[in-house]
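The sequence shown maps to residues 32 to 309 in my numbering. The beta-carbon is built from N, C-alpha and C at its ideal position, and this holds for glycine as well.
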Amino acid sequence: MSIILAVIGIIICVIIIFFNIPYSKTKTEFNKIISEVISKTSLSNEVILEEDIKDLPPSLQNYFSYAGFLGKQKPAYMSIIFEDADFIMTDRHLRIDYTQYDFVDKPLRYALIESSIYGVPFQGMDYLSLENGGMKGVIAKTFQIFNVKDEFMYKSGLVTWLAECVFCPTSILQDFIKWEQIDETHVKGTIDYNGVSASGVLTFNDNGAMILFESYDRGEAQTDGTIRPVKWSTVCDDYKENNGFMQPTVLKTINTSPDKEVVYFDSNNFEIKYNYQK
32 MSIILAVIGI
42 IICVIIIFFN
52 IPYSKTKTEF
62 NKIISEVISK
72 TSLSNEVILE
82 EDIKDLPPSL
92 QNYFSYAGFL
102 GKQKPAYMSI
112 IFEDADFIMT
122 DRHLRIDYTQ
132 YDFVDKPLRY
142 ALIESSIYGV
152 PFQGMDYLSL
162 ENGGMKGVIA
172 KTFQIFNVKD
182 EFMYKSGLVT
192 WLAECVFCPT
202 SILQDFIKWE
212 QIDETHVKGT
222 IDYNGVSASG
232 VLTFNDNGAM
242 ILFESYDRGE
252 AQTDGTIRPV
262 KWSTVCDDYK
272 ENNGFMQPTV
282 LKTINTSPDK
292 EVVYFDSNNF
302 EIKYNYQK
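Below, the structure is given as structure tokens:
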């Protein structure tokens, strides 16, 4: 019996050590993808001028002024790093670190999720590539528990990229997005890429800040990897000056289905950076 207990103890120790080793196949894959995409990305020293935004709807032009984009260098991509964010996935509450990269010239987006479930490491990758949109999850650094990629996921990824493009000014200017002023405070954006179209509505406050994005072209991820269509919203709040830009310091994403409304992502601890910022 003592030998069996000793063996069990050794196995438990090995598992604990393995869980705490920094190496992760998912994170390594994510970093490799980001490095490859960055290496193929053209950088620019040009700055954003009023001439660049003259054809945008008035609310977006005001937003460029409010956010401090005019006269600043044109970014080729941005990163957003969230730490210890609240995340809910099918009624399971997690605290996660979330690292994402959004690229400009093409709607490319890659995000890494790092968390744990009952002490067991959980990592996921959410991606929008040129051909596919998808999401996969890995538990205990080894076991893939879901891997979904289909046209709906691609469309969902386009919606997410569209919502986040307002934080990266050169993304707003891309010719695969059409903007339409609806009224004094609302602008509709439609992204069309690879034959897939998705849209959403931006809401601006009196100061010019973008405070809400709403779309019906995204869905809610289930634990089995399937996607349920819902109304999807992003709330931006408490704008503050950061390195010459006015940026939100609170971000929330909300799924609204016929039976409930869920704030499934909530963070006030994140940093938005452009490729030319250290």
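Length of the line joining the Cα atoms of residue i and residue j
| i | j | result |
| --- | --- | --- |
| Leu233 | Pro88 | 11 Å |
| Ser264 | Lys271 | 21 Å |
| Arg259 | Asn236 | 31 Å |
| Pro279 | Ser298 | 11 Å |
| Leu159 | Asp136 | 13 Å |
| Gly155 | Glu182 | 19 Å |
| Ser288 | Ser246 | 12 Å |
| Lys219 | Val151 | 42 Å |
| Lys103 | Thr57 | 35 Å |
| Lys304 | Ala107 | 11 Å |
| Ile148 | Gly226 | 38 Å |
| Glu81 | Arg249 | 33 Å |
| Ser55 | Ile84 | 43 Å |
Inter-residue CB distance, residue i and residue j (contact presumed, cutoff 8 Å)
| i | j | result |
| --- | --- | --- |
| Phe153 | Gly168 | 7 Å |
| Phe29 | Tyr224 | Nothing in the structure corresponds to residue 29, since the chain is present only between 32 and 309. |
According to DSSP, residues forming a beta bridge with residue i
| i | result |
| --- | --- |
| Phe134 | Tyr108 |
| Leu282 | Cys267, Ser298 |
| Tyr307 | Bridge partners of Tyr307: none, in fact. |
| Ala142 | Gln131, Asp157 |
| Lys58 | BP columns for Lys58 are empty, so no partner. |
| Trp210 | Gly220 |
| Pro200 | None; Pro200 has no bridge partner. |
Option in the options with minimal Cα separation from residue i
| i | options | result |
| --- | --- | --- |
| Thr216 | Ser73, Gln92, Ser146, Glu81 | Gln92 |
| Arg123 | Asn306, Ile303, Tyr295 | Tyr295 |
| Ser66 | Arg140, Glu195, Phe183, Gly226 | Arg140 |
| Glu302 | Ala171, Ile170, Thr59, Cys199 | Cys199 |
| Ile222 | Gln212, Ile213, Ala240, Ser202 | Ser202 |
Residue i classed as buried or exposed, judged by whether at least 16 other C-beta atoms fall within 10 angstroms
| i | result |
| --- | --- |
| Ser75 | exposed |
| Phe174 | exposed |
| Tyr307 | exposed |
| Glu77 | exposed |
| Leu143 | buried |
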